[in-house]
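Enquirer: Sending over a structure as structure tokens; questions will come in a sec.
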Amino acid sequence: PQDIKGWTALVTGASSGFGKALCKATAWRFAELGCKLIIVARRGDRLEALASELKAKYGTEVFCLVLDMMDIEKVERMDQLLPEQFRNVDILVNNAGLALGKNSVEENVTSDIVRMMTTNVTALIIATTLFTKGMKQRGRGHVINVGSIAGHYAYGGGSGYCASKSAVTAFTSAARHDLVGTPIRVTCISPGFAETEFSLVRFEASDNAAAKAKSVYDNLVPMVADDIADQIIYAATRPAHVQIQDIIAWPTNQAGPTNIARVG
Ligand code: NDP
Ligand code: 8X3
């Protein structure tokens, strides 16, 4: 496998869900593999708690960056917000993202569409542009973008979110073409239903957000954040000559965005 000991990994959306699972102190994660970590999100208290855990358990070098990915001017100069010793990012995990609402297309809310497109797409593109420069100069690196099954299979009520995740699929492929002559690998991770805070955020504007979020996973055994963290680490640790294009993963009783057997 690719030895990533001593590599610097930057994970956006590290305060919850997949990003948190990827960084937490457990088996076979970036910290155990000897990476330096930059963890990014808006909720700094959560980042600090994670950093303390990692420092205590492994002595991991961790830098917490409190950043709103909607602030594209800051995303564009994110490297300057990092201490010198964290600036050479080798593994970029573009994970921060969200869905908002399940409205039919004619009911789309402009501010929701702007938030999804800016966070899920524009910020991801700008961060990749920024950090691949250094990766290319240093001759090593891996960009891992968290897309979704929504980037492969569109569904009603998801026009804005599906458009954003299709853009992630397309951007990831185009970037791989650009970097084909380099050692830099470019990967997409495309999960189906995984129970995190994702559905709570999606329904945050509803009166009964918690119940709506819970009902998404009724009588289904969804994936959990650790399942997706496993896939990200798997992709990052393949031998240097192996480039994972995409991992599309479903819960066992989900075969499509709306084809769910609620048997369990
Ligand atoms: P969570 O809601 O649990 O986590 C989302 C993370 O993104 C949080 O850490 C949040 O941090 C961060 N984030 C959101 N908006 C911003 C912002 N404007 N600036 C900085 N950070 C932000 O959801 P998941 O872990 O499930 O989602 C992670 C990714 O996986 C997303 O891209 C999502 O689209 C994708 N995905 C999720 C699936 C699922 O079923 N859960 C399936 C397929 C893909 P904070 O709020 O602290 O800023
Ligand atoms: C999250 C999974 O099916 O809600 O990307 O789009 S889904």
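Mind the numbering: the sequence shown is residues 40 to 303 in mature numbering (1 follows the signal peptide of the UniProt record, and there is no 0), read in order.
Using N, Cα and C, we set each Cβ at its ideal position, and we do this for glycine too.
This one's a predicted model, so the numbers in the text were calculated from it and none came from an experiment.
#1: DSSP has L49 in a bridge; who is on the other side?
#2: Is any heavy atom of the ligand NDP found at a distance shorter than 8 Å from the C-beta of K63?
#3: Relative to the C-alpha of S198, which candidate in V219, G140, K63, G56 has its C-alpha closest?
#4: One question on the structure: do W46 and G83 come within less than 9 Å of each other, judged by their Cβ atoms?
#5: Do T221 and A264 count as a contact pair if the criterion is CB distance below 9 Å?
#6: I'd like the span of the beta strand (DSSP E) that includes V105, first residue to last.
#7: What residue from C103, K75, K94, F69 has the CA that sits closest to S54's CA?
#8: Roughly how many angstroms lie between the CA atoms of F232 and S254, to the nearest whole one?
#9: For T297, count the other beta carbons within 10 Å of its own beta carbon; 16 or more makes it buried, fewer makes it exposed. Which is it?
#10: Suppose contacts are defined by Cβ-Cβ distances below 9 Å. Is N134 in contact with F57 by that definition?
#11: I need the boundaries of the alpha helix (DSSP H) containing A264, first residue and last residue.
#12: For the ligand 8X3, is there a heavy atom less than 8 Å away from the beta-carbon of P230?
#13: Could you check if Q293 is buried or exposed, using at least 16 other CB atoms within 10 Å of its CB as the buried criterion?
#14: DSSP puts A288 in a beta bridge; with which residues?
#15: The ligand MN heavy atoms versus the CB of R241: any closer than 8 Å?
#16: Report all residues from its chain with a CB closer than 6 Å to the CB of L49; omit the five preceding and five following residues, and keep chain order.
#17: What would DSSP say about I299, mapped onto helix, strand or coil?
#18: Should W67 go down as buried or exposed, given a rule of 16 or more other Cβ atoms within 10 Å for buried?
#19: Mind checking residue 3: buried by the 16 CB within 10 Å criterion, or exposed?
#20: Just curious, the alpha helix (DSSP H) that V160 is in, first and last residue?
#21: Report the three-state DSSP secondary structure of R82 (helix, strand or coil).
#22: Can you tell me the Cα-Cα spacing of L239 and A252, whole angstroms?
Expert: Short version:
#1: I77, L131
#2: no
#3: G140
#4: no
#5: no
#6: 101 to 105
#7: C103
#8: 12 Å
#9: exposed
#10: yes
#11: 264 to 275
#12: yes
#13: buried
#14: P230
#15: Here the bound small molecules are the ligand NDP and the ligand 8X3; the ligand MN is not part of this structure.
#16: I77, V128, L131
#17: strand
#18: exposed
#19: In the structure as shown, the chain starts at 40 and stops at 303, and residue 3 therefore has no counterpart that could be examined.
#20: No alpha helix (DSSP H) holds V160; DSSP gives it neither H nor E.
#21: coil
#22: 5 Å
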